[in-house]
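K.L.:
The following block contains the structure, expressed as structure tokens.
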Amino acid sequence: MNNVRTRFAPSPTGYMHIGNLRTALYEYLVAKGQGGDFILRIEDTDQNRYVEGAVEIIYDTLKSVGLIHDEGPDVGGDFGPYTQSERLGIYKEYAVKLIEAGGAHYCFCSEEDIAKQREAAEAAGTPFKFRDPCHRYTPTEAQAKVDAGSSYVVRQTIKPGEPCVYHDEVYGEITVEREILDESILLKSDGFATYNFANVIDDHLMAITHVVRGNEYLSSTPKYNLIYDSFGWQRPTYVHLPPVMKDEQNKLSKRNGDASFQDLVSKGYLGKAVLNYIALLGWSPETEQEIYTLEELTKAFSVARCSKSPAIFDIEKLKWMNGMYLRALSLDEFHELALPWLNQAIHRVCDLKEVSKILQQRVSVLGEIPEMVDFIDELPEYDVEMYFHKKMKTDKEICIRALEASLEVYHGIQHWESVDELQASIQALPEKLGLKNGQVYWPIRTAMTGKQFTPGGALEMPYILGKEEAIHRTKVGLHKLRELK
RNA sequence: GGCCCGUUGGAGAAACGGUUUAACUCACUUGCCUUUCACGCAAGCAUCCACGGGUUCGAAUCCCGUACGGGUCACCA
Numbered sequence: 038m039n040n041v042r043t044r045f046a047p048s049p050t051g052y053m054h055i056g057n058l059r060t061a062l063y064e065y066l067v068a069k070g071q072g073g074d075f076i077l078r079i080e081d082t083d084q085n086r087y088v089e090g091a092v093e094i095i096y097d098t099l100k101s102v103g104l105i106h107d108e109g110p111d112v113g114g115d116f117g118p119y120t121q122s123e124r125l126g127i128y129k130e131y132a133v134k135l136i137e138a139g140g141a142h143y144c145f146c147s148e149e150d151i152a153k154q155r156e157a158a159e160a161a162g163t164p165f166k167f168r169d170p171c172h173r174y175t176p177t178e179a180q181a182k183v184d185a186g187s188s189y190v191v192r193q194t195i196k197p198g199e200p201c202v203y204h205d206e207v208y209g210e211i212t213v214e215r216e217i218l219d220e221s222i223l224l225k226s227d228g229f230a231t232y233n234f235a236n237v238i239d240d241h242l243m244a245i246t247h248v249v250r251g252n253e254y255l256s257s258t259p260k261y262n263l264i265y266d267s268f269g270w271q272r273p274t275y276v277h278l279p280p281v282m283k284d285e286q287n288k289l290s291k292r293n294g295d296a297s298f299q300d301l302v303s304k305g306y307l308g309k310a311v312l313n314y315i316a317l318l319g320w321s322p323e324t325e326q327e328i329y330t331l332e333e334l335t336k337a338f339s340v341a342r343c344s345k346s347p348a349i350f351d352i353e354k355l356k357w358m359n360g361m362y363l364r365a366l367s368l369d370e371f372h373e374l375a376l377p378w379l380n381q382a383i384h385r386v387c388d389l390k391e392v393s394k395i396l397q398q399r400v401s402v403l404g405e406i407p408e409m410v411d412f413i414d415e416l417p418e419y420d421v422e423m424y425f426h427k428k429m430k431t432d433k434e435i436c437i438r439a440l441e442a443s444l445e446v447y448h449g450i451q452h453w454e455s456v457d458e459l460q461a462s463i464q465a466l467p468e469k470l471g472l473k474n475g476q477v478y479w480p481i482r483t484a485m486t487g488k489q490f491t492p493g494g495a496l497e498m499p500y501i502l503g504k505e506e507a508i509h510r511t512k513v514g515l516h517k518l519r520e521l522k
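When we follow my numbering, the leftmost residue of the first sequence carries the number 38, and every step to the right adds one.
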């Protein structure tokens, strides 16, 4: 019994943010690490912020990284419904109970009333705290107003008393004075519950044991505890997480133009690499291992090793890790992932698998591919000076000799399709010409690509470009060299 | 502004009062390997843990204060 249950409770407001994904990850890990259940709940109580399609993005993202939920709107479960907009009746029912228990009251103030109070406080230079005049109504009076059709909200009642203390698994003991807690709205005038209420009711009803969420809730948690207490419910274990930052002062957020999970994926990052990377943002393993499968993470993760301070998202390290993931793939797997990018950049008919082969060791993000292979379709304009490399000790005469010899090789190859014969012939060139490897390969590579840096070199490029093109580009190179005074 | 939280190198971080002359990873620098780039390998990169006091035989580690940063004070979550 007492099965561990965590929940990921996003609002369907658009793309999946990195910080949200990390929260989901940790929630999953907390549950799965103890053989528990991971639940997905959609918090759509703010109809103004609802974005079409956002729920699908949530499903797709979780699925693509392997964060499979045991219960949720799409898969069902014993504690449904899992979408808050379908639980309105439940909130209303519990709001009435809370009022009866003395934990909440009806409030008939308009937004203008409150604004007036705030302005008055500002004018007086005193810190604003809403004092609800509706406390003057007796329960019967309030009920009468409600029955008469007055517009109302249900507001949490916070009576003076002992300071609120609770324990958080990462931040330790948190104490907040009741006086500074404001009486938040629990049920809006449109009948929807606010997060402040729906969250508590659902977590309890869904038997959530561990509430894992961002540390922006650290100071409002006492309010939620008061609700648990009013109902006589057991408070959950709290795990508040430090934020994921863009830089020292700003949180990573889509609104600031920072990359969302899908932005990263569309740039050529692997979802699993992203997940692995963000696991390390706010948590550190006991060992020196950094590359983890989800299963390994599940075993290694512990809340006790979570950090209290914010972590800055470092795209450079993600890049490195993504490269590690790419290189760990089989050639077939890599090729499949690279193909869309290759097709985007290469229109010449050639052995794309061979291109993948030379690419796999050098790519860290798939999106780099098009730019890396752009020379395959078309030989760029390049300066003849590129042939002369001090370390390779190449000069005009050597380059011409190397290219002429390579030209002969190309003409002599009957079966261009077999890489081996071509490569063996090129490899024989340095010895044949009495030159160093670099002195032969450098000019060939330059003639083939016209670029300073390329994936693959003299051994691979002629094959990939094809006989006709290899010969053509070599002639272009020879012409440039001969033109030179 | 009140309250809550945080502060170890450019980034992620380890360290739980003594084995620390502060792990490890990314980035950076250098060298090796090598037909370029990359991969891989090797080395270097904080005289010091925001600052100031205190406790202690001993502090990055405990306490207090200051500074700085973040969060929160919505009919948003």
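Idealized CB from N, CA, C, for every residue including glycine. Values in this document were obtained by computation on a predicted structure and should not be read as measured data.
Between Ile-295 and Leu-289, is the Cβ-Cβ spacing less than 8 Å?
P.N.:
Rather than Ile, the amino acid found at residue 295 in this sequence is Asp. Taking 8 Å as the Cβ cut-off, Asp-295 and Leu-289 qualify as a contacting pair.
K.L.:
Is the beta carbon of Tyr-261 closer than 8 Å to that of Ala-310?
P.N.:
no
K.L.:
Please go through the segment 272-310 and give each complete alpha helix (DSSP H) segment of 4 or more residues, from N-terminal end onward.
P.N.:
298-303
K.L.:
From the DSSP secondary-structure annotation, give me the bridge partner or partners of Ile-211.
P.N.:
Tyr-203
K.L.:
With DSSP collapsed to three states, give me the class of Gln-476.
P.N.:
In the structure shown, Gln-476 adopts helical secondary structure according to DSSP, grouped into three states.
K.L.:
Taking His-142 as the reference, give the member of Pro-467, Lys-225, Tyr-478 with the closest Cα.
P.N.:
Lys-225
K.L.:
Three or more beta-carbon pairs under 8 Å between the segment 75-83 and the segment 271-291, yes or no?
P.N.:
no
K.L.:
Going by other Cβ atoms of all chains shown within 10 Å of its Cβ, with 16 needed for buried, is Met-38 buried or exposed?
P.N.:
Any reading at Met-38 must be qualified, since the residue scores a pLDDT of 46, below 50, and its modelled position is unreliable; the value itself is stated next. Answer is exposed; the Cβ neighbour count stays below 16.
K.L.:
Name, in chain order, the residues that DSSP records as bridge partners for Trp-320.
P.N.:
In DSSP, Trp-320 forms a bridge with Cys-343.
K.L.:
Could you check what DSSP says for Met-38 in three-state terms: helix, strand or coil?
P.N.:
Residue placement at Met-38 cannot be trusted, given a pLDDT of 46 that sits under 50; what the coordinates show is reported in the next sentence. If DSSP states are grouped into helix, strand and coil, Met-38 belongs with coil.
K.L.:
Check for me: the alpha helix (DSSP H) holding Gln-451 runs from which residue to which?
P.N.:
In this chain, Gln-451 is not harboured by any alpha helix (DSSP H), its DSSP state being neither H nor E.
K.L.:
Spatial neighbours of Ala-230 within its chain, please: C-beta separation below 6 Å, excluding the five flanking residues on both sides.
P.N.:
Thr-82, Tyr-128, Leu-224
K.L.:
What is the rounded straight-line gap between the Cα of Ile-315 and the Cα of Ala-348?
P.N.:
10 Å
K.L.:
Among residues of its own chain, excluding the 5 on either side of His-516, which ones have a beta-carbon nearer than 7 Å to its beta-carbon?
P.N.:
none
K.L.:
Cα-Cα, which of Ser-257, Gly-113, Arg-399 is closest to Gly-533?
P.N.:
Beyond the ends of the chain as shown, which are 38 and 522, falls residue 533; an answer cannot be given.
K.L.:
Going along the chain, which residues of its own chain have a beta-carbon closer than 6 Å to the beta-carbon of Gly-404, five neighbours each way excluded?
P.N.:
Lys-304, Gly-305
K.L.:
According to DSSP, simplified to helix, strand and coil, what is Ile-328?
P.N.:
coil
K.L.:
Using only alpha-carbon positions, find the residue among Ser-122, Glu-332, Val-112 that is nearest to Gln-71.
P.N.:
Glu-332
K.L.:
What is the DSSP secondary structure of Cys-436, reduced to helix, strand or coil?
P.N.:
helix
K.L.:
Between Trp-479 and Thr-511, how many whole angstroms is the CB-CB distance? I'm expecting something under 8 Å.
P.N.:
Not a contact, Cβ separation roughly 14 Å.
K.L.:
Starting from the N-terminal side, write out each stretch of the beta strand (DSSP E) that is 3 residues or longer and does not extend beyond the segment 211-273.
P.N.:
Counting whole runs of 3 or more residues, the segment 211-273 contains the beta strand (DSSP E) stretches 222-224, 247-251.
K.L.:
Is Leu-368 buried or exposed, if buried means 16 or more other CB atoms sit within 10 Å of its CB?
P.N.:
exposed
K.L.:
Does the Cβ-Cβ distance between Ser-401 and Lys-354 come in under 8 Å?
P.N.:
no
K.L.:
Report the option in Arg-59, Tyr-500, Glu-89, Ala-138 whose CA atom is closest to the CA atom of Gly-103.
P.N.:
The shortest Cα separation from Gly-103 among Arg-59, Tyr-500, Glu-89, Ala-138 belongs to Arg-59.
K.L.:
Buried or exposed: where does Lys-469 fall if 16 or more other Cβ atoms within 10 Å of its Cβ makes it buried?
P.N.:
exposed
K.L.:
Determine the burial state of Pro-49: buried for a count of at least 16 other Cβ atoms within 10 Å of its Cβ, exposed for fewer.
P.N.:
It is buried - the Cβ of Pro-49 has at least 16 other Cβ atoms within 10 Å.
K.L.:
Around the Cβ of Ala-484, are there at least 16 other Cβ atoms within 10 angstroms (buried) or fewer (exposed)?
P.N.:
buried
K.L.:
In the DSSP assignment, what are the bridge partners of Val-190?
P.N.:
Cys-144
K.L.:
Are Ala-382 and Leu-396 touching if we call contact CB-CB under 8 Å?
P.N.:
no
K.L.:
With Ile-481 and Leu-440 assumed to form a contact (beta carbons below 8 Å), what rounded beta-carbon distance in angstroms separates them?
P.N.:
7 Å
K.L.:
Using a Cβ-Cβ cutoff of less than 6 Å, which residues in the same chain neighbour Ser-321 once the five nearest sequence positions on both sides are dropped?
P.N.:
Arg-342
K.L.:
Quick check: the Cα distance between Glu-108 and Gly-114, rounded to an integer number of angstroms?
P.N.:
5 Å
K.L.:
For Gly-601, write down the residues that DSSP places opposite it in a beta bridge.
P.N.:
An answer regarding residue 601 cannot be provided, because it is not within the stretch 38 to 522 covered by the chain.
K.L.:
In chain order, what residues of the same chain lie with their CB nearer than 7 Å to the CB of Asp-74, ignoring the 5 residues before and after it?
P.N.:
Asn-40, Arg-42, Ala-68, Asp-107, Glu-108
K.L.:
Quick one: residues in its chain with C-beta nearer than 6 Å to the C-beta of Cys-144, no 5 flanking neighbours on either side, listed in chain order?
P.N.:
Asp-169, Cys-171, Val-190, Arg-192
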